[in-house]
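**Q**
There are 2 protein chains.
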Amino acid sequence: MITEQHILSAFDRDLESVQAMIMKMGGLVEAALSDAAAALETQDEALAEQVRKGDAAIDALEESVNAECARLIALRGPIAGDLRTVLTVMKIATALERSGDYAKNLAKRALVLGQLAPIPGAAGAIRRLARQVGLLLKDALDAFIARDAGLAEDVRQRDLEVDQMYNALFREFLTFMMEDPRNITACMHLHFIAKNIERVGDHATTIAEQVIYLTTGTLPGGDRPKADLTVEGQ
Amino acid sequence: MITEQHILSAFDRDLESVQAMIMKMGGLVEAALSDAAAALETQDEALAEQVRKGDAAIDALEESVNAECARLIALRGPIAGDLRTVLTVMKIATALERSGDYAKNLAKRALVLGQLAPIPGAAGAIRRLARQVGLLLKDALDAFIARDAGLAEDVRQRDLEVDQMYNALFREFLTFMMEDPRNITACMHLHFIAKNIERVGDHATTIAEQVIYLTTGTLPGGDRPKADLTVEGQ
């Protein structure tokens with residue numbers, strides 16, 4: 000019994016350590032997203048540059064999470080729910096790494112947009128979208144730590160609002176482009192920025208779905224709710 | 000010795016079975032990409048619809064790969080290189096699932112583009128881009144099965160050509176948009192299509208990097224070669 004107890008707590012201790020890494024990664028990604036959006040709005044080149052360079056730390060954390068999870072599996076031989084948890088941690092790390100890439104891309108485009116005539120209201124709208132998505136990411140990770148399927152389901156539903164914000168932006172940028180061809184290049188970059196932020200929202204949803212799978216044993220049924228109308232209606 | 004032999008071959012047999020699933024998934028994704036591009040070019044609605052619906056089979060295969068890998072880890076307790084291989088299989092499945100999503104998105108946009116005035120030469124250029132990327136994906140998976148780090152490195156380098164093709168398309172679509180605002184909506188969809196295909200190329204590179212990691216023990220040093228100039232220069 001003592002041995003079993005010992006093995007169990009060693010696994011739990013290791014798991015807590017990788018979970019702490021995941022939360023650190025999540026914090027970095029949220030900050031990168033928020034900083035990149037702020038850099039776009041205030042045209043702060045130094046901040047954009049900082050986000051660009053900071054992505055390496057996120058990538059390095061993903062590699063550490065992967066290595067640590069592999070070590071944990073080999074050393075502790077988890078099965079059933081414990082193994083599922085470790086594999087979920089690896090999936091979350093991948094989702095966060097991709098999200099970090101999107102924040103880095105936003106920072107790059109913020110620098111390019113600084114050299115173009117500004118589109119009225121665009122940077123503010125992008126910042127609001129980024130804030131919403133940052134909250135989704137935060138809640139998805141909190142849902143993971145608390146194994147809270149209810150909060151995870153809430154994230155899934157709120158991603159619909161993000162999709163709607165994106166659709167509204169898509170139409171607005173299109174209007175600016177049609178009104179004046181000189182807006183086209185800037186609007187193209189803004190489009191990609193909006194789409195990339197919307198994709199971070201999809202990654203938050205992926206994390207939320209993993210939490211639901213982890214706690215209930217089944218993935219949410221059917222397709223995830225999806226409201227990107229730009230490929231449906233327009 | 001006999002027992003060890005038995006355990007080893009049981010692992011190998013299981014591994015072969017998930018590798019077969021990965022190759023099947025890869026085949027479906029390559030076909031989806033190629034069919035979606037063909038549907039765009041020939042305005043074949045039925046084919047586009049088939050790609051759209053076919054994505055569910057790719058998603059289901061990813062879930063099977065994940066379940067099978069988890070079973071394999073729990074049952075066989077692989078360590079070191081064997082464990083790394085199983086975890087790599089799961090990463091490849093994720094990359095293929097995302098690639099399938101991009102092909103599905105292409106198919107959806109092909110349907111939308113059918114209702115807009117065509118952009119001369121665009122569909123052909125998209126098809127060529129899709130073919131190049133399909134080959135990258137195929138070679139990345141072949142490199143995985145053969146554990147061929149040389150072929151994997153070749154995939155990494157050839158992704159640069161894909162990036163260059165994408166950059167050329169980006170500029171071309173921009174010109175069409177500036178020339179005539181009536182082209183804007185169609186060119187926006189074509190832009191997203193091109194970007195999504197370029198992203199499938201990135202996933203092929205991710206698979207190639209996993210193969211290099213698997214065979215050499217280290218990830219390729221530094222950033223992957225990257226030549227998306229649309230956020231750098233323009």
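So the protein lines, in turn, are chains A and B.
Quick note: the first sequence, position 95, residue 94 per numbering that gives the first Met the number 0, numbers continuous.
Quick note: the second sequence, position 116, residue 115 per numbering that gives the first Met the number 0, numbers continuous.
Positions of the beta carbon are idealized from the N, C-alpha and C atoms, including for glycine.
May I ask you to report which of helix, strand or coil DSSP gives A:Gly216?
**A** For this step, residue 216 of chain A is matched to residue 217 along the first sequence. The answer is coil: DSSP assigns A:Gly216 none of H, G, I, E or B.
**Q** Can you give me, in chain order, the residues of the stretch 156-168 of chain B that have a beta carbon less than 8 Å from any beta carbon in chain A?
**A** Those residues of the stretch 156-168 of chain B that come within reach of chain A (Cβ to Cβ, closer than 8 Å) do not exist; the list is empty.
**Q** For B:Glu15 and A:Leu39, what's the separation of their Cα atoms in angstroms?
**A** Here residue 15 of chain B refers to the residue found at position 16 of the second sequence. Here residue 39 of chain A refers to the residue found at position 40 of the first sequence. In a straight line, the C-alpha of B:Glu15 is about 49 Å away from that of A:Leu39.
**Q** Look at the alpha carbon of B:Leu150 and the alpha carbon of B:Ala139, and state the distance between them as a whole number of angstroms.
**A** Locating residue 150 of chain B in the second sequence gives position 151, where the first residue counts as 1. Locating residue 139 of chain B in the second sequence gives position 140, where the first residue counts as 1. Cα to Cα, B:Leu150 sits roughly 7 Å from B:Ala139.
**Q** Counting C-beta neighbours from all protein chains within 10 Å, is the total for A:Glu231 16 or more, i.e. buried, or is it exposed?
**A** As a position in the first sequence, residue 231 of chain A is number 232, starting the count at 1. Its pLDDT being 40, under 50, A:Glu231 is placed unreliably in this model, and the coordinates cannot settle the point.
**Q** Do you know offhand how far A:Glu160's Cα is from A:Asp34's?
**A** Locating residue 160 of chain A in the first sequence gives position 161, where the first residue counts as 1. Locating residue 34 of chain A in the first sequence gives position 35, where the first residue counts as 1. Whole-angstrom Cα-Cα distance: 22 Å.
**Q** Please list, in chain order, the chain A residues whose beta carbon lies closer than 7 Å to that of B:Ala69.
**A** In the second sequence, the residue the question calls residue 69 of chain B occupies position 70. Chain A residues near B:Ala69: Leu82, Arg83, Leu86.
**Q** Short of 7 Å in beta carbon distance, which residues of its chain neighbour B:Thr215, apart from the five on each side in sequence? Order them along the chain.
**A** The sequence position of residue 215 of chain B within the second sequence is 216, counting from 1. Same-chain partners within the cutoff: Ala148.
**Q** Short check: CB of A:Tyr101 to CB of A:Val210, under 8 Å?
**A** Here the question's residue 101 of chain A lines up with position 102 in the first sequence. Here the question's residue 210 of chain A lines up with position 211 in the first sequence. Cβ atoms of A:Tyr101 and A:Val210: not closer than 8 Å.
**Q** Apart from the five residues just before and just after B:Ala19, which ones in its own chain have a Cβ nearer than 8 Å to its Cβ?
**A** Start at 1 with the first residue of the second sequence, and residue 19 of chain B comes out as number 20. Cβ neighbours of B:Ala19 beyond the five flanking positions: none.
**Q** Which of helix, strand or coil does DSSP assign to B:Ala116?
**A** Indexing the second sequence from 1 puts residue 116 of chain B at position 117. B:Ala116: coil per DSSP, three-state reduction.
**Q** Tell me whether B:Lys238 is buried or exposed, calling it buried when 16 or more other Cβ atoms sit within 10 Å of its Cβ.
**A** Lying outside 0 to 233, the shown extent of chain B, residue 238 of chain B is not represented and no answer is given.
**Q** Going by other Cβ atoms of all chains shown within 10 Å of its Cβ, with 16 needed for buried, is A:Ala142 buried or exposed?
**A** Stepping through the first sequence from its first residue, residue 142 of chain A is reached at position 143. A:Ala142 comes out buried.
**Q** Count Cβ pairs between the stretch 71-83 of chain A and the stretch 112-130 of chain A that sit closer than 8 Å; are there 3 or more?
**A** Not touching, per the Cβ criterion.
**Q** To the nearest angstrom, how far is it from the Cα of B:Gly99 to the Cα of B:Ala37?
**A** Here residue 99 of chain B refers to the residue found at position 100 of the second sequence. Here residue 37 of chain B refers to the residue found at position 38 of the second sequence. Using only the alpha carbons, I get a separation of about 16 Å.
**Q** How is the alpha helix (DSSP H) around A:Gln49 delimited, first residue to last?
**A** Here the question's residue 49 of chain A lines up with position 50 in the first sequence. 44-75 is the extent of the alpha helix (DSSP H) around A:Gln49.
**Q** Nearest chain A C-beta to B:Leu173 closer than 8 Å, yes or no?
**A** For the purposes of this step, residue 173 of chain B is taken as the residue at position 174 of the second sequence. Yes - at least one Cβ of chain A is within 8 Å of the one on B:Leu173.
**Q** Taking only runs of the alpha helix (DSSP H) that begin and end inside the stretch 115-200 of chain A, which ones reach a length of at least 4 residues, in chain order?
**A** As far as the stretch 115-200 of chain A is concerned, its whole alpha helix (DSSP H) runs of at least 4 residues are 121-145, 148-178.
**Q** When burial is assigned at 16 or more other CB atoms within 10 Å of the CB, is A:Thr204 buried or exposed?
**A** Taking the first residue of the first sequence as position 1, residue 204 of chain A is located at position 205. So A:Thr204 counts as buried.
**Q** Would you call B:Ala193 buried or exposed, if buried means 16 or more other Cβ atoms sit within 10 Å of its Cβ?
**A** Residue numbering aside, residue 193 of chain B sits at position 194 when the second sequence is read from its first letter. B:Ala193 is buried by the Cβ-count criterion.
**Q** Considering Cα atoms alone, identify which of B:Leu105, B:Gly113, B:Ala47, B:Asp81 is closest to B:Ser8.
**A** Here residue 8 of chain B refers to the residue found at position 9 when the second sequence is read from its first residue. Cα-wise, what sits closest to B:Ser8 is B:Asp81.
**Q** So, using beta-carbon positions, are A:Glu44 and A:Leu110 closer together than 8 Å?
**A** In the first sequence, counting from the first residue as 1, residue 44 of chain A sits at position 45. In the first sequence, counting from the first residue as 1, residue 110 of chain A sits at position 111. Yes, the Cβ-Cβ distance between A:Glu44 and A:Leu110 is below 8 Å.
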